[in-house]
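Chains as they are written, first to last, in this note's numbering: chain L, 1 to 635; chain F, 1 to 635.
Number of protein chains: 2
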Amino acid sequence: PATGENTFYGEFLMNAQGEDVVAGIRTPLPIAALEKENRSAYAELVRIRRTLERHYRDMMDIEFTIQQRKLYMLQCRVGQRNGLAAVRIACDMVAEKLINRTGAIARVKPDDLNQLLRPIFDPAEKREAVREGRLLTKGLNAGPGAATGRIVFNADDAETAAARGEPVILVRIETSPEDIHGMQAAEGILTARGGTTSHAALVGRQMGKVCVVGCEALQVDYRERALRIANRKGVLKEGHDISIDGFTGEVFLGKIKTIPSEVVQVLVAKTLDPRDAPIYQRYARFMEWVDGARRLGVRANADQPDQGANALAFGAEGVGLCRTEHMFFGEGKIGPMRETILAGTAEERRAALAKLLPLQRADFAGIFRVMNGRPVTIRTLDPPLHEFLPHDEAGQREVAAALGVPFERVRERVEALHEFNPMLGFRGCRLGIIYPEITEMQARAIFEAAADVRQAGVAVAPEIMIPLVGHVKELALQAGVVRRVAEEVMREKGTRLRYLVGTMIEIPRGALTADEIAGVAEFFSFGTNDLTQTTLGVSRDDAGRFLVPYVDRLEIYGKDPFESIDRDGVGALMRMASERGRTRRPKLKLGICGEHGGDPASVGFCHEIGLDYVSCSPFRVPIARLAAARAALGA
Amino acid sequence: PATGENTFYGEFLMNAQGEDVVAGIRTPLPIAALEKENRSAYAELVRIRRTLERHYRDMMDIEFTIQQRKLYMLQCRVGQRNGLAAVRIACDMVAEKLINRTGAIARVKPDDLNQLLRPIFDPAEKREAVREGRLLTKGLNAGPGAATGRIVFNADDAETAAARGEPVILVRIETSPEDIHGMQAAEGILTARGGTTSHAALVGRQMGKVCVVGCEALQVDYRERALRIANRKGVLKEGHDISIDGFTGEVFLGKIKTIPSEVVQVLVAKTLDPRDAPIYQRYARFMEWVDGARRLGVRANADQPDQGANALAFGAEGVGLCRTEHMFFGEGKIGPMRETILAGTAEERRAALAKLLPLQRADFAGIFRVMNGRPVTIRTLDPPLHEFLPHDEAGQREVAAALGVPFERVRERVEALHEFNPMLGFRGCRLGIIYPEITEMQARAIFEAAADVRQAGVAVAPEIMIPLVGHVKELALQAGVVRRVAEEVMREKGTRLRYLVGTMIEIPRGALTADEIAGVAEFFSFGTNDLTQTTLGVSRDDAGRFLVPYVDRLEIYGKDPFESIDRDGVGALMRMASERGRTRRPKLKLGICGEHGGDPASVGFCHEIGLDYVSCSPFRVPIARLAAARAALGA
């Protein structure tokens, strides 16, 4: 059965041929009923099944026929199973000593674990919904899981409804940092635009939300609070029920029953006692075997303490990417950040940064406390500055009013920050090099937080990561600032702290000159999102028009290179950088923090080229652990 | 003297110290006057000068003093010289057998030739202009030369004024393809925005126009037809005189006398008889020595027959880059191109392309005829499609009216074509792969033109180049289309044509997998503009904010990597691609068609890694020839 329970499960049909079963015109009987019909044939079948499963050491799919009361075996093959069943079968077979732990690990595919970690739709109800024509459209599957709830069109409504205990799906054309509180409150997020690294997808995934994005058939009307589907009659209004499947990208009209994840109830929500959770128990046992088998470390990308806590619950051994800029969107922080950007002089900028310092320090302290001595890789400011300012006039007027500056100044600054290709523009370490005071503030916040937390008796292991380095001199300049501030803080606090300074390898020049860069960097972390964009010359946000046919129809790439590392191109650079880096600095620590860190095939590649760890979103940590174990076992 | 004439040239001051000469408080006498003052000292000085110049085999800068009527030599060093003088001195010294041809080549720096090829400002008048405070501001020196004329603010006015024989400077915020006829008519082009590969810079350079771009202090008001300079009082109106120096980026108020290039008058304008042109004669003699010394071929980037003719006049051996899309902006061609883009179905698209076919065929025939059997590398459609549609509502309404389609359709198409990072978007071979009918039309136009021109007795050597290839399968698909159409046309015309199919190497993945790509490509041409953007992760259009301080103040890069090849990064990929490509296909033809093809240091690097040719804008061909010769001589 779908649960993976070890029972003899099947159907049979009297006076019929095989086609009749497949065709579904007549309703077959459960296999147990055969015992009454033909006791000896049934007994023989049970015996044969046991022989076959012992021989193949797996759950088998058996086809048989009975003619003249005599049993004939027609065929047998290893049975299909869902994720839940895969883990249960593997655990049962170890218990029965049919296979060992290695065999168990080999039998569970990493993505199978998703079904233990996320809510899923009740399969029967979902089939029913399709049959009834309630499948509205399909988008990109950006955050796995199944969610059902009422439609809301803005973040505040989501929050209000959630406060009333009403499950909602937040529907937006696209999301922006201002929507974060609503995303947190919603069961699921559905957007009309954006790809699988859009804001909605990235943030949704990190929160563990069910997320479907880039659903181009959606026509969202915020004013009317209405949703239309292209080429389909009817209007969905605020409050109507909708269901989204983040495994497949499907969007359904109405409710579909979801089955919650026992593992998440135990580990994250903490609403279930492990002793009452048999699925969780099997998961825990299985993951213990997994951890015994792997060599690669597994960390999580986490920007906030709660995400860090989730990461730990899922078995992360540290934080591989803490994006400081996400912190800037939190309560009270966006104001000083905007002041920083609007500052006319270095002095004004320093004054604004001084307001950010205590806020950032508190953020870092929170993460350090939760991670309790495990390494925390903190990336200095990365995104282009225009991302922190609104692009519409109303928003700009609001900002001007809030900060007490003329509207013109805000508008002009936004215009001045406009870029033709922001992905390749004024961002990453380029910001900190032109405005060293930003890096100074961030370094100070990190080291002051580290000193304070250590003072309180909790160990800390900060790793400061400089993004978008292409030339060793860029890293040397920024590392110089970080180390100088570290010395200052340690002197002020009368303490010593151990820390590392390293870099992301995310543009080809960084990989090509890795030997030089390793002269300064104590670690490399491959930022494979951007490395894929630059190595392939493909903007992920714009790739839809050609990358989908490239993969699906033309088979130019075997898999979407943004989902699974392109080994011949991006992978070749990673291998080159790893080798050259370690030649220069044999103890160079190597990791990956791009989205690929949660993709099983990519994790296998990272194992192969000798990285020390992978880092992925918290909910993918178990998957990465299993992928790492399978890579180590050569599965 | 500034002409390089071999005379004894200098000044002296009686009853004075060296400082008095340098300080310029008293006016010194010409050296010839010394003969009257002190005949024996003068004779001795002339003798010593000759000895020194024979010894050093160069023009010398000599300092002397006369005390008690006795001559003392103070110091001597190799004399500074301008470009004009450098060539003359080198030629004279060869004539005097002081040096051989190799020595002559070593003594002229490639960029020196610019001063023989372009108009320059009269040095005295320019100094005067600076002294008078007429230097208004400075932009980027995008097209060398000096130009003076009246301000016009749009292309039509430029054309009208030029038709009246009035020299004008076209001043624009930025230029677009619609401005081409005005750029052609103007003496010089001045823009407020854009970098040295902006439309204005690229097109201006290819036309040989004086061009200053990205002049951020300019405040252009099209409605008022007025120009203001930030932080400077006063308004410049249409019709006012202005002068721009494309060597330095300087912009001056009022007229400054220009000195035209004798070489251009002979070779391009054909307004001067070579026998009456001593500077041209020396240039021609010197370039003959240059061509005898070099191994690298030199081609030109030329989109139109007239540019091809200029390229030949400057000694190009072929066309290294013919951008087919520039042709689309010519008279009558933009309409069908826009129809192609607005087409709703493949059938509509084919109908629109059918209108383009005869126009493209005529373009190619023109180039083939001019190049007379020399290789012509034609690149298939490259830019993102939105570049062919206007982005403002008025323009979109015009297009809609002209093509008889609803305005909404134009607007929606423009919106649908919007990209976050167009440089990494739906362009290059991605267009031809998704819409193979575009490549089909272009291939047909090329081969039909080639067959027709050959029929008329002129040899042809087309080389079809597929842009932005990252994966060998992309090239294989496009090469398949080209070869199929070639066979069709040859069958129809009952003839055989020799041609090559190759690719640009302009994204890192192309370089990394060059061995695979060389399995299909018969040639590689390095597109170093885009290869630099992707390898460094830097959008050239957006780089101003950090790349200028990176080079000037922080010395992260020794030279602007968009001007001179970044050898450690981009160069490493070029070397790798050349080696891997030739390992797979030993006779693989290798060239470069990025802007770097005209940069002397980059030409040296191309020689070093064994390329077959470089290609640059026509006016830089002599410079590239000299750089190639110097590289071959190890100068």
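Just so it is clear, CB atoms sit at the ideal spot from N, CA and C, and this is done for glycine as well. A quick note: this is a predicted structure, and the numbers were derived from the prediction, not measured.
Our two residues, residue 111 of chain L and residue 207 of chain L, have alpha carbons roughly 19 Å apart in a direct line. Positions of the alpha helix (DSSP H) runs, each at least 4 residues long and wholly inside the stretch 35-64 of chain F, are given as 39-56 in order along the chain.
Just so you know, the alpha carbons of residue 622 of chain F and residue 200 of chain L end up roughly 54 Å apart. If you look at residue 75 of chain F, you'll find it in the beta strand (DSSP E) that goes 70-78. Between residue 229 of chain F and residue 160 of chain F, the C-beta spacing is not below 8 Å.
When secondary structure is reduced to three states using DSSP, residue 420 of chain L falls in the coil class, being assigned neither helix nor strand. In the same chain as residue 61 of chain F, and ignoring 5 residues on each side of it, the C-beta atoms closer than 8 Å to its own belong to 76, 77, 78, 79, 80, in chain order. Pairing residue 69 of chain F with residue 17 of chain F, the inter-Cα distance amounts to about 15 Å. Residue state for residue 188 of chain L is assigned as strand, using DSSP reduced to three classes.
Collapsing the DSSP output to three states places residue 437 of chain F in a helix. In this structure, residue 470 of chain F places its C-beta atom within 8 Å of the C-beta atom of residue 537 of chain L. In chain order, 627, 630, 631 place their CB closer than 8 Å to the CB of residue 604 of chain L, counting only its own chain and leaving out the 5 sequence neighbours on each side. Residue environment: residue 74 of chain L is assigned as exposed (fewer than 16 neighbouring CB atoms within 10 Å of its CB, all protein chains considered). Uninterrupted alpha helix (DSSP H) stretches at least 4 residues long and entirely within the stretch 216-288 of chain L occur at 262-267, given in chain order.
8 Å or more divides the Cβ of residue 369 of chain F from the Cβ of residue 91 of chain F.
Excluding residues up to 5 positions away in sequence, 618, 621, 622 lie with their Cβ nearer than 6 Å to the Cβ of residue 314 of chain L in the same chain. Here residue 613 of chain F is bridged, per DSSP, to F:297, F:591.
Fewer than three Cβ pairs drawn from the stretch 399-414 of chain F and the stretch 447-461 of chain F lie within less than 8 Å of each other, which leaves the two stretches out of contact. Residue pairing by DSSP places residue 138 of chain L opposite L:250 in a beta bridge. When the alpha-carbon of residue 222 of chain F is set against those of F:142, F:351, F:172, the nearest one is in F:172. When the Cα atoms are used, residue 7 of chain F and residue 595 of chain F turn out to be separated by approximately 39 Å. Annotation: the continuous beta strand (DSSP E) that includes residue 500 of chain L extends over 500-505. For residue 622 of chain L, the enclosing alpha helix (DSSP H) stretches over residues 621-632.
Secondary structure at residue 147 of chain F: strand, using DSSP grouped into helix, strand and coil. Chain-ordered listing is empty here: chain L has no CB closer than 9 Å to the CB of residue 159 of chain F, the nearest sitting near 29 Å.
In the DSSP assignment, residue 605 of chain F falls within the alpha helix (DSSP H) that extends over 600-608. In this chain, the alpha helix (DSSP H) harbouring residue 488 of chain L covers 472-493.
Within the stretch 157-186 of chain L, the runs of alpha helix (DSSP H) that reach at least 4 residues and sit entirely inside it are, in chain order, 180-185. Using a C-beta cut-off of 8 Å, the stretch 561-574 of chain L makes no contact with the stretch 486-497 of chain F, since fewer than three inter-stretch Cβ pairs fall below that distance.
Just so you know, the alpha carbons of residue 577 of chain F and residue 483 of chain F end up roughly 24 Å apart. The C-beta distance from residue 213 of chain F to residue 142 of chain F rounds to 4 Å, short enough to meet the 8 Å contact threshold.
Contact with chain F is found for residue 536 of chain L, since one of that chain's Cβ atoms lies less than 8 Å from the residue's Cβ. A contact between stretches requires three or more CB pairs, one per stretch, nearer than 8 Å, and the stretch 112-125 of chain F meets this requirement with the stretch 254-263 of chain F. Following the DSSP letters along the chain, one finds residue 578 of chain F inside the alpha helix (DSSP H) bounded by residues 572-584.
Residue 190 of chain L places its beta carbon 8 Å or farther from that of residue 105 of chain L.
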